[in-house]
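Chemist:
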Ligand code: SF4
């Protein structure tokens with residue numbers, strides 16, 4: 001047998017694009033536009049050297065996320081876990097990392113808590129919290145204020161602690177820990193320490209509620225699900241951790257980015273001030289425009305499935321590029337422009353798509369509408385206190401945003 | 410226009426309620442979609458089509 005001539009080693013697939021184009025912190029990686037036309041499903045290599053598919057076209061992404069043959073179960077072979085941050089390694093997976101029927105069973109235990117009408121009923125309370133934080137900010141006029149620390153983070157933090165029933169005395173601890181989790185100026189050890197401390201805090205919180213369940217999400221989960229034996233103590237803790245983290249980082253970063261966008265786009269800001277009714281649509285457009293989930297969601301194919309003419313084989317992983325879908329010119333005209341009156345802005349997939357679509361989206365919407373409306377009204381002169389290229393953007397994180405946002409007015 | 414729902418698939422994200430509150434509601438116990446009007450008047454048709462288009466779980470079927 002003659003040895004065949006050595007074929008050149010196949011070039012390793014490129015890494016997942018993460019860097020925004022030079023000088024434009026709001027745009028997704030420029031590579032996405034090329035991939036959408038040339039290779040809408042292409043192989044990428046993840047940080048651990050494994051390969052996965054990267055989907056960049058809106059239609060393919062909706063098809064993948066809408067098809068339960070693409071599994072969300074992170075323990076499945078082929079699931080592209082590598083390079084993910086944000087609690088992927090917790091001992092308890094939480095229902096976002098599960099498939100039906102388990103996912104359906106667990107998710108339905110909390111769906112009513114985030115219904116549109118229940119969330120709308122919270123609007124006055126969210127407005128009150130926002131006004132208080134703005135009052136405190138007003139007192140600091142003339143100094144540089146970090147908008148992330150003063151407003152963007154505390155709003156979702158206070159709202160979620162209200163929903164979970166975190167006792168008022170624990171607020172400071174709770175906010176300090178979540179603040180540490182979100183900060184960039186802390187070391188890896190400090191962040192892991194905060195994660196651990198938060199986990200043990202949630203264990204204690206759930207135990208206290210087992211003794212005296214209150215009128216809040218955790219209390220209801222305990223009396224209605226844990227007591228009859230549908231779920232365990234650890235499941236309740238996992239619910240708390242999931243709702244806490246999912247509802248926090250995302251909303252906080254959207255608030256920061258949205259505020260910065262409107263500080264830089266005076267014309268749009270003036271228009272929204274003059275016509276507050278446009279704020280609802282503006283929030284959808286900001287969600288589309290910023291698409292803060294930068295390297296996910298992710299799935300594992302459980303069978304051979306053809307998507308957009310490409311065969312994805314059982315056991316292969318898929319990374320879905322939400323920012324790319326939301327800038328797809330096939331769906332959104334002039335996609336790189338921010339147009340707060342865009343008629344189909346709500347077709348964005350910033351909250352995902354399919355059965356895993358964000359459970360807390362109604363709450364996120366109300367928080368964003370209230371905070372943006374209040375900022376425009378109360379701080380019309382607000383502007384960044386540093387040049388934009390000095391703002392630390394979270395290009396290194398799974399959820400995009402700014403680590404800090406110094407402002408003045 | 411005639412609307413049918415496959416409510417078993419509903420994931421209670423509430424998009425339909427935001428877009429067409431006169432046609433869709435959510436059940437108090439679990440947030441699952443409820444149809445208020447299976448044959449809504451013409452001024453609701455655009456909103457219903459929009460709800461069907463953005464429903465993440467393909468629950469809403471519209472026959473024109
Ligand atoms: S949009 Fe679809 S999934 Fe969401 S509540 Fe309405 S019917 Fe259910």
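Residue numbers (the numbering used here), protein chains in the order written: chain A, 1 to 409; chain B, 410 to 473. Note that the Cβ used here is the ideal one computed from N, Cα and C, for glycine as well. Here the structure is a predicted model, which is why all the values come from computation and not from measurement.
I'd like to know if the region 316-330 of chain A and the region 424-436 of chain B are in contact, where contact means that at least 3 CB-CB pairs between them fall below 8 Å.
Modeler: These segments do not touch.
Chemist: Please list, in chain order, the residues of the region 438-472 of chain B that have any C-beta partner in chain A closer than 9 Å.
Modeler: 438, 439, 440, 441, 459, 462, 463, 465, 466, 467
Chemist: Give a yes or no on whether 9 Å exceeds the smallest Cβ distance from residue 114 (chain A) to chain B.
Modeler: yes
Chemist: Given that a residue counts as buried once 16 or more other Cβ atoms are within 10 Å of its Cβ, and exposed if not, what is residue 143 (chain A)?
Modeler: Its Cβ having fewer than 16 others within 10 Å, residue 143 (chain A) is exposed.
Chemist: Strictly below 9 Å CB to CB, what residues from chain A border residue 421 (chain B)?
Modeler: Ordered by position in chain A, the residues that pass the 9 Å Cβ test against residue 421 (chain B) are 107, 108, 111, 112, 114, 115, 359.
Chemist: Does residue 139 (chain A) come out as helix, strand or coil in the three-state DSSP assignment?
Modeler: coil
Chemist: Comparing alpha-carbon positions, which option in A:98, A:166, A:306 lies nearest residue 53 (chain A)?
Modeler: A:306
Chemist: Could you check the C-alpha separation between residue 400 (chain A) and residue 394 (chain A) for me, to the nearest Å?
Modeler: Those two C-alpha atoms are separated by around 5 Å.
Chemist: For residue 503 (chain B) and residue 139 (chain A), I'd like the C-alpha separation in whole angstroms.
Modeler: A question about residue 503 (chain B) goes unanswered here, because the residues of chain B that appear run from 410 up to 473.
Chemist: Between which two residues does the beta strand (DSSP E) harbouring residue 289 (chain A) extend?
Modeler: Premise fails: residue 289 (chain A) lies in the alpha helix (DSSP H), 279-290, not in any beta strand (DSSP E).
Chemist: Considering Cα atoms alone, identify which of A:163, A:168, A:175 is closest to residue 152 (chain A).
Modeler: A:175
Chemist: Here's a check: name, in chain order, each residue in its chain whose Cβ is nearer than 8 Å to the Cβ of residue 313 (chain A), leaving out the five neighbours to either side.
Modeler: So the list reads 301, 304, once near-sequence residues are dropped.
Chemist: In its own chain, which residues sit with a C-beta less than 7 Å from the C-beta of residue 158 (chain A), not counting the 5 before and 5 after it?
Modeler: 129
Chemist: Mind listing the chain A neighbours of residue 426 (chain B)? Cutoff is C-beta to C-beta under 9 Å, in chain order.
Modeler: The contacting residues are 115, 116, 117, 362.
Chemist: Would you list, in sequence order, the uninterrupted alpha helix (DSSP H) runs of no fewer than 4 residues that lie entirely inside the region 151-229 of chain A?
Modeler: 154-164, 171-182, 188-211, 217-221
Chemist: Tell me whether residue 465 (chain B), by its Cβ, gets closer than 8 Å to a heavy atom of ligand 1.
Modeler: yes
Chemist: Which first and last residues belong to the beta strand (DSSP E) in which residue 408 (chain A) is found?
Modeler: 406-408
Chemist: Taking residue 423 (chain A) as part of the beta strand (DSSP E), name the residues at either end of that continuous run.
Modeler: Since the first residue of chain A shown is 1 and the last is 409, residue 423 (chain A) is not available in this structure.
Chemist: Would you check whether ligand 1 has a heavy atom nearer than 8 Å to the C-beta of residue 346 (chain A)?
Modeler: no
Chemist: Closer than 7 Å between beta carbons: that is the criterion. Which residues of the region 40-66 of chain A meet it against chain B?
Modeler: So the list reads 66, given in the order they occur along the chain.
Chemist: In angstroms, rounded to a whole number, what distance separates the CA positions of residue 342 (chain A) and residue 372 (chain A)?
Modeler: 18 Å
Chemist: Shorter than 9 Å from the beta carbon of residue 346 (chain A) to some beta carbon of chain B?
Modeler: yes
Chemist: For residue 352 (chain A) and chain B, any beta-carbon pair shorter than 9 Å?
Modeler: yes
Chemist: Could you pull out every residue in the same chain whose Cβ sits closer than 7 Å to the Cβ of residue 107 (chain A), ignoring the five residues on either side in sequence?
Modeler: 95, 359
Chemist: For residue 433 (chain B), verify whether its CB is less than 8 Å away from any heavy atom of ligand 1.
Modeler: yes
Chemist: For residue 137 (chain A), I'd like the list of residues in its chain whose CB is within less than 7 Å of its CB, leaving aside the five on either flank, ordered along the chain.
Modeler: Around residue 137 (chain A): 145, 150, 151.
Chemist: Assuming residue 20 (chain A) and residue 28 (chain A) make a contact with CB atoms under 8 Å, what is their CB distance in whole Å?
Modeler: 7 Å
Chemist: Can you give the Cα-Cα distance for residue 45 (chain A) and residue 291 (chain A), rounded to whole angstroms?
Modeler: 22 Å
Chemist: Measuring only between beta-carbons, confirm whether residue 222 (chain A) sits less than 9 Å from chain B.
Modeler: no
Chemist: Should residue 322 (chain A) be counted as a contact of ligand 1 given a C-beta to heavy atom distance under 8 Å?
Modeler: no
Chemist: Just to confirm, does residue 386 (chain A) get its C-beta within under 8 Å of one of the non-hydrogen atoms of ligand 1?
Modeler: no
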